[in-house]
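Shown next, in structure tokens, is the structure this report addresses.
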Amino acid sequence: MKEYIDTGKKDTRSGFGAGLAELGNSNPKVVALTADLKGSLKMDQFAAEHPERFFEVGIAEANMVGMAAGMALSGYIPFIGTFANFASARVMDQIRQSVCYSQTNVKIAASHAGITLGEDGATHQTLEDIGIMRMLPGMVVINPCDYNQTKAATIAAAAWNGPVYLRFGRPGVPNFTPADQKFEIGKAVKLNDGEDVTLIATGHLVWEAILAARELEARGVSVDLLDIATIKPIDREAVLSSVRKTGRVVVAEEHLIAGGLGEVVAGLLATTCPAPMRFVAIDDKFGQSGKPAELMSAYGLDAAHIVEAALSLR
Numbered sequence: 027m028k029e030y031i032d033t034g035k036k037d038t039r040s041g042f043g044a045g046l047a048e049l050g051n052s053n054p055k056v057v058a059l060t061a062d063l064k065g066s067l068k069m070d071q072f073a074a075e076h077p078e079r080f081f082e083v084g085i086a087e088a089n090m091v092g093m094a095a096g097m098a099l100s101g102y103i104p105f106i107g108t109f110a111n112f113a114s115a116r117v118m119d120q121i122r123q124s125v126c127y128s129q130t131n132v133k134i135a136a137s138h139a140g141i142t143l144g145e146d147g148a149t150h151q152t153l154e155d156i157g158i159m160r161m162l163p164g165m166v167v168i169n170p171c172d173y174n175q176t177k178a179a180t181i182a183a184a185a186w187n188g189p190v191y192l193r194f195g196r197p198g199v200p201n202f203t204p205a206d207q208k209f210e211i212g213k214a215v216k217l218n219d220g221e222d223v224t225l226i227a228t229g230h231l232v233w234e235a236i237l238a239a240r241e242l243e244a245r246g247v248s249v250d251l252l253d254i255a256t257i258k259p260i261d262r263e264a265v266l267s268s269v270r271k272t273g274r275v276v277v278a279e280e281h282l283i284a285g286g287l288g289e290v291v292a293g294l295l296a297t298t299c300p301a302p303m304r305f306v307a308i309d310d311k312f313g314q315s316g317k318p319a320e321l322m323s324a325y326g327l328d329a330a331h332i333v334e335a336a337l338s339l340r
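What follows is the structure, encoded as structure tokens:
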């Protein structure tokens, strides 16, 4: 098993803020909008350094999407920032009509996603947003795993011509990917080569998958491990190559089974390379208030549950 070093826990939303600040200095077409959540989205540096390109719209998310679409049609690259539950379900109509149907170059920065939002509870723990966004024609869906990858993905999103949904979280998580990485939309990252089982993970579950792979290899199970940050378009070649080699697969994500990465992989395999499969995700439940680590364990989203799922395929 390759060695990955946690250089210190950092929240992925700060990776977005760092990427946005860098874009502010390198690309004068980048503008930023938020719905009363500048601090939570870590947009402070961009706002301070480029006040003429920062727009605080208040608690008016639908209006923010319309404004961003208009700015995109005027040649700008708008990033809109709010919580994931507001960035997906609340403004689904505006995103569908003004962003995807109209093919406007809007980037949706969705923070505080998943059950690791923690104590805010079920109303704010967004577990269905990947499914909502990936169903929209033309929408790219990115769910990076740590601070460094989120920063790189933010910069890559600005260079992509078309709508992007960029998902990240609130708590500090291990930061282990290279600081100087170049993020390539639509490409998986191979974290380990193995022969017995494929582990596919996204977002906060990538580190848990690394821990699981270490445990599995200590038990004599060779793990092929993929970090899938781009859920749409998925890296078909990487997934199929791995599963054809191992013949079995576990997909881990901080999302409902319905609509998530697991269903994307299952659909791909069903038509191309059928294989036994397990889902490490939330099965038709809302979240609840609690500490992030406790919730991850309670909902079966930790390394121990990934190990259990993999061993059940033997």
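For the sequence shown, the residue numbers in the working numbering are 27 to 340. Just so you know, even glycine gets a beta-carbon here, dropped at the ideal spot from N, CA and C.
Distance between residue j and residue i (C-alpha atoms, nearest Å)
i, j, result
"Leu-266", "Pro-54", "40 Å"
"Gln-71", "Gly-195", "19 Å"
"Thr-152", "Ile-158", "11 Å"
"Glu-78", "Ala-58", "10 Å"
"Thr-272", "Lys-64", "45 Å"
"Val-125", "Arg-245", "48 Å"
"Thr-286", "Gly-84", "Note that residue 286 is Gly in the sequence shown, not Thr. When rounded, the distance between both Cα atoms is 31 Å."
"Gly-229", "Ser-100", "33 Å"
"Met-303", "Asp-32", "29 Å"
"Leu-251", "Asp-328", "15 Å"
"Thr-256", "Leu-339", "26 Å"
"Ile-332", "Ala-238", "6 Å"
"Ala-139", "Ala-110", "5 Å"
"Ile-236", "Leu-46", "28 Å"
"Ile-308", "Glu-280", "7 Å"
"Asp-155", "Ser-114", "6 Å"
"Ala-88", "Arg-160", "19 Å"
Those residues which DSSP pairs with residue i across a bridge
i, result
"Leu-225", "Leu-251, Val-276"
"Glu-82", "Thr-60"
"Ala-77", "Reading off the sequence, residue 77 comes out as Pro, not Ala. Pro-77 pairs with nothing; no bridge assigned."
"Thr-152", "Ala-139"
"Val-215", "Asp-253"
"Lys-258", "Val-167"
Residue i - DSSP class collapsed to helix/strand/coil
i, result
"Ser-323", "helix"
"Phe-305", "strand"
"Arg-193", "strand"
"Ser-137", "strand"
"Gly-34", "coil"
"Asn-51", "helix"
"Asn-174", "helix"
"Lys-68", "coil"
"Lys-311", "coil"
"Val-199", "strand"
"Lys-271", "helix"
"Leu-46", "helix"
"Leu-282", "strand"
"Thr-180", "helix"
Neighbour-count burial assignment, residue i, 16 or more Cβ in a 10 Å radius
i, result
"Asn-51", "exposed"
"Lys-35", "exposed"
"Arg-193", "buried"
"Thr-297", "exposed"
"Lys-28", "exposed"
"Tyr-325", "buried"
"Asn-187", "exposed"
"Gly-293", "exposed"
"Thr-149", "exposed"
"Gln-207", "exposed"
"Pro-300", "exposed"
"Tyr-173", "buried"
Endpoints, the alpha helix (DSSP H) within which residue i is located
i, result
"Ile-168", "Where Ile-168 is concerned, there is no enclosing alpha helix (DSSP H), although the beta strand (DSSP E) it sits in stretches over 166-168."
"Leu-237", "231-244"
"Ile-332", "329-337"
"Leu-294", "287-298"
"Ala-98", "87-99"
Element boundaries [beta strand (DSSP E), containing residue i]
i, result
"Asp-108", "At residue 108 the sequence reads Thr, which differs from the Asp that was named. Here the beta strand (DSSP E) through Thr-108 covers 103-109."
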